[in-house]
Amino acid sequence: MITEQHTSAKSVIALSCLAADIISQLDQKKLVGISGSSLFKKDSRLQGITHISEGQNAPNLEKIVSLKPDLVIGATGFSNVPLQKLQQLEIPTLSTKVNSWQSLEQLTKTLANKIDIDPQLLLNSYKNFLTANQNQNISTLILVSRQPISTPNKNSWAGDLMSKFGAKNIASELQGNSPIGGYVTLSAEKVLEANPDVLIIVNAEPNLLNSLKKEPFWQKLKASKNNRVYVFDYYGLVNPGSLNAIEKACQELEKVF
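Take the position in the sequence shown, starting the count at 1, then add 2; the result is the number in the working numbering.
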């Protein structure tokens, strides 16, 4: 029987911030290129690593090829086009998707396997992000936009993370036609009908909290009346972003619940 030889990747480019962070935690020497992101501006670990894109701009394929990577990692949906072009150039690629805690752990194991590193220490550190108390069952609604009003269901990173803290996500089982997988749109009537104990507003668009406060339903909500409205960063709760962002989101959720 012939077994396929596993070749360890020695030079990795990460188009996804989360993958870049995980690789750098596992073995920083393997990371040769990353996308420029506000998440990493103050991260001394990633200074000096070549940026193959900035902000929302598409990755520079010439720069990627010049770094001679033996693996390029992207995020499903965001990196489809560059990954397809790199495959045509016969550069190995990996498309990743993290929409649950389990998928974060699985991604860490997959990346560790690609660069031939034991992931256990890093996986153990994730456990410290979570609180032991998971039986609160407090009715909660996360709002990420106003027009339309958008909220995560159980098939999203935010929805799964909330369940880890015992929050009862009102939109957990709802299905909808939102273009973003794992998200549903709600009418103002639905929000009022749900009337959550806790409202979490995500900084996904400027001044979202102030614009929601102008909605007629706002003053009628239990969460507004009882001053249980919390503002969260986009990274960590909606987009996992980085391990540091995830840890911060977990700390904030622990305070809320």
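Ideal Cβ placement from N, Cα and C applies to all residues, glycine included.
Contact check, residue i vs residue j, beta carbons under 8 Å
| i | j | result |
| --- | --- | --- |
| N205 | V233 | yes |
| V100 | P71 | no |
| L223 | L201 | yes |
| L88 | I66 | yes |
| I119 | T142 | no |
| A225 | L163 | no |
| S46 | C19 | no |
| L73 | K116 | yes |
| G79 | T95 | no |
| S147 | L106 | no |
For residue i, three-class secondary structure by DSSP
| i | result |
| --- | --- |
| A169 | strand |
| T9 | coil |
| L132 | coil |
| P84 | helix |
| I4 | Per-residue confidence for I4 stands at a pLDDT of 37, beneath the threshold of 50, marking its modelled position as unreliable; the derived number appears in the next sentence. I4 falls in the coil class under three-state DSSP. |
| L143 | strand |
| E207 | coil |
| I24 | helix |
| A225 | helix |
Residue i: first and last residue of the uninterrupted alpha helix (DSSP H) it sits in
| i | result |
| --- | --- |
| V258 | L245 to V258 |
| L17 | Note, L17: premise wrong, no alpha helix (DSSP H); not H, not E. |
| L63 | L63 to S68 |
| V193 | A190 to A196 |
Residue i at chain B interface by Cβ criterion, 8 Å
| i | result |
| --- | --- |
| N229 | The question asks about chain B, but that chain is absent: this structure has only one protein chain. |
Beta strand (DSSP E) segment containing residue i, residue limits
| i | result |
| --- | --- |
| A77 | L73 to A77 |
| S37 | L33 to G38 |
| I93 | Neither: I93 is in no beta strand (DSSP E) and is coded neither H nor E. |
| L201 | V200 to V204 |
Buried/exposed call for residue i, threshold 16 Cβ in 10 Å
| i | result |
| --- | --- |
| T9 | exposed |
| K32 | buried |
| G161 | buried |
| L188 | buried |
Residue closest to residue i, alpha-carbon to alpha-carbon, out of the options
| i | options | result |
| --- | --- | --- |
| L28 | A190, I66 and K111 | K111 |
| S102 | S147, R230, K156 and L63 | K156 |
| G183 | A190, N197 and S152 | S152 |
| K192 | S40, F219, K170 and P208 | F219 |
| G203 | E195, Y236 and S174 | The sequence shown places Ile at residue 203, not Gly. Of the candidates E195, Y236 and S174, the one whose C-alpha sits nearest the C-alpha of I203 is Y236. |
| P242 | I24, K227, A60 and E195 | I24 |
| L48 | E254, A11, S244 and P154 | S244 |
| A169 | P150, K43 and P198 | P198 |
Closer than 7 Å: residue i CB and nearest the ligand HEM heavy atom
| i | result |
| --- | --- |
| S105 | As presented, the structure is devoid of all ligands, the ligand HEM included, so that no description of it is given. |
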